[in-house]
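The sequence shown begins at 32 in the numbering used here and counts up by one.
C-beta: ideal position from N, C-alpha, C; glycine also.
This structure is a prediction, so every number in the text was calculated from the model and none was measured.
Contents: one structure, followed by commentary.
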Amino acid sequence: MINISKTQFPSHLKKKVEELKQSFLDHLDNNISLPGNLKFHLFPNTFFDSEFYLLYPSLFKKVFGERDNHLVQQLCISGFFYFRYLLCLDAMNDKDELPGSPPESTSITLLKAHVYQDEALKILARMFGDSPGFWQLWSKRNSEFLGSILLDAAYNPQMSFDTYKKLCITKCSISKVAIDAYFSKHSRQKKLYDALQRSIDNFSIARCIQDDLEDFKKDLLFKKNNLGHILLHEWFKERGNKFQDHSPEMIEKYFFISELAEKLMQMSRDYYQQAIDDVKPYQSQLGDYLKILGICRNNMNYYKVNTHAYRINTYLGKINSPEPPARTPGIAKAIGLSVDYLRNMQNKDGSWYEISNMQGLSNVWSTGFIASFLEPGEESLDKAADFLVQHRQAGLWGYNTDWTPDYDSTTAALLTLNKTSTNVHGYINSWLKGQSAKGGFSTYSSNNPALSGFMGLKPSQLKGWIGDHQCVSALAYYLLNQLPDKAPYQRKIKLLRNYLLDQRNEHGIWSPYWWTSYLYPTCFTLQSMLLEDQGVSPEAEKAMDYVMRSIRPNGSYACDMITGESVFYTSLVLDTLCASPQWVAQYRKEMMGMKKWILSHQYRNGAFPGTDFLVIPNPGTIKWNNKQHTFRLNKSGGGNTITGEIASLFSTAVATRALKRFREWEPAARS
């Protein structure tokens, strides 16, 4: 059984659980008489560890319109007794101890099972003694449960997935008794009842898959049916091997090496989502039920992306060499090395993994951003574009294939597609919905239930993430000015430019929301202005003057939030200067220093040092500045944190283009 109650409930549900615990204890005092200390033995302090199952029947009260609070309370008590009874059966079947209890003899477990079942049935008899409709459904659930015992009796790693799903549903058939009880009183609500049955079926499959993940090795030892074993058996068969020829220790290793563990996590998450979708027409009256399903889904997604991130991190740790070359290479050789590095790090599907946070590793936003710095005609660019076309969600792109889409990731994807033969105009309209009436672009849509669900927050708690951001707007401005035909979007471009000009600070530069330096929004805004104006405007000149006064004596730029020089930000500045003949002539000495500093930091494998450049403010934070806000460095992400590169791919991509552009200007820069 899965202890879903390990999940942190919202405060109002915690209060409800405490009330139900007290009602349960009152029931014990008033209705159960046992000799000696047997009562304490049967109901220890750990008895309520699995409190979700105490709360569970109450989750359907509102949607059925049930007004009898005593009935709901008794259903919760009876349901929890029966849950504890099933735990006893499970423990005896698995030769395992009960959760939260010391090892005990089979006779003690059998005694507990008898008392728990007896109490559950006595309550149901009092509540539904003269209700044949309820008892017919009860008989059906018992028949289903007994069928699951027979189906589960023989260990069968060759079981079909359809049979496995049937096993999950029938094994958890008793979880439908709560809605059976309500339906027996409110029999006209057949449509609701059927929707809830489908939802609970999918909930059951999701829970069983999660259970199989947790018990993968234990089920090997006791030869218990497990979806992980079934899929791994097929995986071995496809490779001409036999599942039974390997030790449990090796099978467990193959389970993770084969990526099947992640597949199970994905399947569990998808079934949780399906359970949510099944009852969408009733979501306003099933808020607590859906909130718990959402928490379970999000937890499973978190486990999946972090398992994936750990495996990729381990892989990257073996590849990346922090050793710089013995001597600084020439610019041509450096470019060749970095191009090879980017090509070697690209996955077979055309994606790149980069940046780690609570949503795992990015493979969509990162692919769009990295590929946007490649040159048209490069094989890596075309492969990246193919990957992006295949992973569009609801007209947009997201941080990764598991996370909800956003406008900034979409901008990065469109920048890449615009460099290929793809006609991006068909994608633009969905993306333009991210522009507000003021002209700026937000990261996430204000109408994004998936984001609220994933975060477990109300829309009002996401104001920071759904507001206009200067850094997001800067990249959007850059995209619009890259389009071969800008005519249809002139009004949008003007609105966006006016927004950005209004957002400048006293130095004439722009402030980031998601980035650790003003250089990100400032450089992309300046490159956009150069494209639009076909020259250096007074506004651009003022901003670049401030940027150039921030350069370090060695030719580098540092991150505003974390001390230390940054190839990423230094390359962004060099790349921007190279976009203007005027600036090349004006700042040739400084550009030579930047180039020299960047080249001196290239690793032997072609990569450049990465930067922790990504800020993740709390979702409710609308604006921040580094004087008033404190962010902690945490590669796992989370609110008020800074994370960044794990494979130096952003830095290497930006540095490569900056060096290529510089090489085109190098004679002029030297003159």
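Inset, instruction - Below 7 Å CB to CB, which residues in the same chain sit around S467 once its five sequence neighbours on both sides are set aside? - result: S473 and D499
Legend entry - Alpha-carbon to alpha-carbon, A481 and M389: In this structure, the alpha-carbon of M389 lies about 16 Å from that of A481.
Inset, instruction - Would you kindly work out how many angstroms separate the C-alpha atoms of A144 and Y116, rounded to a whole number? - result: 5 Å
Legend entry - Minimum C-alpha distance to L532 - residue among G470, V455 and W545: Here the closest residue by C-alpha is G470.
Legend entry - Length of the line joining the Cα atoms of V48 and S218: 28 Å
Inset, instruction - Could you spell out where the beta strand (DSSP E) holding I673 opens and where it closes? - result: T672 to T674
Inset, instruction - Can you say whether G586 is buried or exposed, counting buried as having 16 or more other CB atoms within 10 angstroms of its CB? - result: buried
Inset, instruction - Give every residue of the same chain whose Cβ lies closer than 8 Å to the Cβ of F274, excluding the five residues on either side of it in the sequence, and list them in chain order. - result: P188, H260, L263, H264, F267, K268 and I282
Inset, instruction - Could you tell me the boundaries of the beta strand (DSSP E) in which S387 lies? - result: E385 to N388
Legend entry - Backbone CA spacing between L690 and D606 [nearest angstrom]: Going by the C-alpha atoms only, they are around 8 Å apart.
Inset, instruction - Have a look at I108 and H422 and give me their C-alpha separation to the nearest angstrom. - result: 47 Å
Legend entry - Beta bridge counterpart(s) of R663 as assigned by DSSP: R663 is bridged to T672.
Inset, instruction - Helix, strand or coil for I593, going by three-state DSSP, please let me know. - result: In this structure, I593 counts as coil in the three-state DSSP scheme.
Inset, instruction - Could you check the C-alpha separation between L405 and G566 for me, to the nearest Å? - result: 24 Å
Inset, instruction - Please name the residue, chosen from M625, K379 and S382, that lies closest to I362 on a Cα-to-Cα basis. - result: M625
Legend entry - alpha helix (DSSP H) runs contained entirely in the segment 62-119, provided each spans 4 or more residues: 69-73, 83-86 and 92-95
Legend entry - Close-in-space but distant-in-sequence residues of the same chain around A505 (CB under 6 Å, 5 per side omitted): P552, F555 and T556
Inset, instruction - Using a Cβ cut-off of 9 Å (strictly closer), state whether T674 contacts chain D. - result: This model lacks chain D altogether, as it is built from one protein chain only.
Legend entry - Where the beta strand (DSSP E) through L252 begins and ends: Counted as a single uninterrupted DSSP element, the stretch harbouring L252 is not any beta strand (DSSP E) but the alpha helix (DSSP H) occupying residues F247 to F253.
Inset, instruction - Sort F599, S235, L44 and L168 by Cα distance to Q305 and report the nearest one. - result: S235
Legend entry - Local conformation of S491 per DSSP, three classes: helix
Legend entry - Rounded separation between S174 and M376 - CA only: 55 Å
Legend entry - Whether S548 touches M560 by CB criterion (9 Å): no
Legend entry - DSSP bridge partner residues for P436 (one or two, in chain order): G429
Legend entry - Supposed contact pair A686 and V604 - C-beta distance, whole angstroms, cut 8 Å: 11 Å between Cβ atoms; not a contact.
Inset, instruction - Have a look at the DSSP bridge pairing and note the partners of I647. - result: T672
Legend entry - Distance, A610 Cα to E695 Cα: 11 Å
Inset, instruction - Measure the Cβ-Cβ separation of I629 and F639 and say whether it is below 9 Å. - result: yes
Inset, instruction - Please check the pair E570 and G595, which I expect to be a contact at CB under 8 Å, by giving their CB distance rounded to whole angstroms. - result: Not quite, the Cβ-Cβ distance comes to about 30 Å (not below 8 Å), so this is no contact.
Inset, instruction - Could you tell me whether the segment 440-460 touches the segment 611-622, using the rule of 3 or more Cβ pairs below 8 Å? - result: no
Inset, instruction - Evaluate G637 with the Cβ neighbour count: other Cβ atoms within 10 Å of its Cβ, from every protein chain shown; 16 or more gives buried, anything less gives exposed. - result: buried
Inset, instruction - Quick one: grab the DSSP three-state call for L392. - result: strand
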